[in-house]
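One structure is given here, and the rest of the page talks about it.
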Amino acid sequence: MVALREAGRATGFVKTRDKGSTNLFDVPTEGDSRLYMSLDLPDPYLFAIREGDRACLFVQQAIRPTREYRLFVVGDQVVTGAGCIIEHTPCDNEGLAFDDRVEIIRYQGAVVRDADVVARYVAFAREYALAWAAEHGSDMGYALDLCIDADSDTIQIVEMNPLANIGLYAIDTDLLVDAMVGHAPGEIRA
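Quick note: the sequence shown uses the working numbering, first residue 22, plus one each step.
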């Protein structure tokens, strides 16, 4: 909370397991004794916690997410991506490595084509993937969810997850599979 206050943020957000939950809170001011106190939050099961440490919650500045997008990274390469449009599956892919359709506000149905935002996402993800691989190694694949904050027009990371159990949306699955096979140890390459 200190970092949020020092960055001039008035509102914070606690990440939850359920994407539909909102847990906004006012960031205490410098003279407020609550600054170093625990947040009084409901059922702790609802909150995303750091693995192995139930006392550690993910807290960030509050944003208004728009145009959520999922990119798939294998090693240090951004392979494919699509807007987080719940109705879309790989069958909806139109032959693009990076589908240019995004839902303005997730779950609200207004889908638009926005190649400029997608190009920004791809450039951001490429820098991120190289930095991540340099620090953690390039032996993994993951999905990187991004959005545009409506207030600042900046790209924000929503979350990063392993490839198992995630929605594929309208990605080009052939590109993803080829990248995974090409990155795999020699014994499972075709």
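Ideal Cβ placement from N, Cα and C applies to all residues, glycine included.
Within a Cβ cutoff of 7 Å, which residues of the same chain sit near residue i, ignoring the five residues on either side of it in sequence?
| i | result |
| --- | --- |
| A154 | G96 and D97 |
| F145 | L167 and I176 |
| N182 | Y163 and A164 |
| H109 | A103, Y190 and A191 |
| I107 | Y128 |
For residue i, which of the options has the nearest alpha-carbon?
| i | options | result |
| --- | --- | --- |
| Y142 | Q177, A200 and D193 | Q177 |
| L189 | I169, C105 and E180 | C105 |
| F119 | G203, I192, E27 and V202 | I192 |
| A185 | A164, H204, Q129 and A31 | A164 |
| I125 | D170, T110, Y149 and E148 | D170 |
| L151 | A205, V99 and Y128 | V99 |
| Y149 | N114, E180 and H109 | E180 |
| C112 | T87, P86, T194 and R122 | T194 |
Which stretch, first to last residue, makes up the alpha helix (DSSP H) that contains residue i?
| i | result |
| --- | --- |
| F145 | A136 to H157 |
| M181 | It is not in any alpha helix (DSSP H) - M181 instead sits in the beta strand (DSSP E) that spans I176 to P183. |
| T194 | T194 to H204 |
List the endpoints of the continuous beta strand (DSSP E) containing residue i.
| i | result |
| --- | --- |
| G102 | Q98 to G104 |
| F119 | F119 -> no beta strand (DSSP E), and no H or E assigned at all. |
| G188 | It is not in any beta strand (DSSP E) - G188 carries neither H nor E in the DSSP assignment. |
| Y163 | G162 to D170 |
With a CB to CB cut of under 8 Å and the five nearest residues on each side skipped, what residues in its chain are close to residue i?
| i | result |
| --- | --- |
| G102 | Y90, R91, L92, F93, A118, F119, D120, V139, Y142, V143, A146 and I192 |
| I187 | R91 and A164 |
| D172 | I84 and R85 |
| G130 | E124 |
| E115 | A191 |
Helix, strand or coil, according to DSSP, for residue i in the structure here?
| i | result |
| --- | --- |
| E89 | strand |
| D47 | strand |
| D113 | helix |
CB-CB under 6 Å to residue i, same chain, minus the five flanking residues each way: which ones, in chain order?
| i | result |
| --- | --- |
| G29 | none |
| H204 | V95 and G96 |
| E27 | none |
For the ligand ATP, is there any heavy atom lying closer than 7 Å to the beta carbon of residue i?
| i | result |
| --- | --- |
| T101 | Among the ligands in the structure shown, none appear at all, so the ligand ATP cannot be discussed. |
Three or more C-beta pairs under 8 Å: does that hold for the segment 82 to 89 against the segment 147 to 159? Contact between the segment 82 to 89 and the segment 147 to 159 is absent, because fewer than three Cβ pairs lie under 8 Å.
Three or more beta-carbon pairs under 8 Å between the segment 182 to 199 and the segment 129 to 137, yes or no? In short, these stretches do not touch, since the Cβ pair count stays below three.
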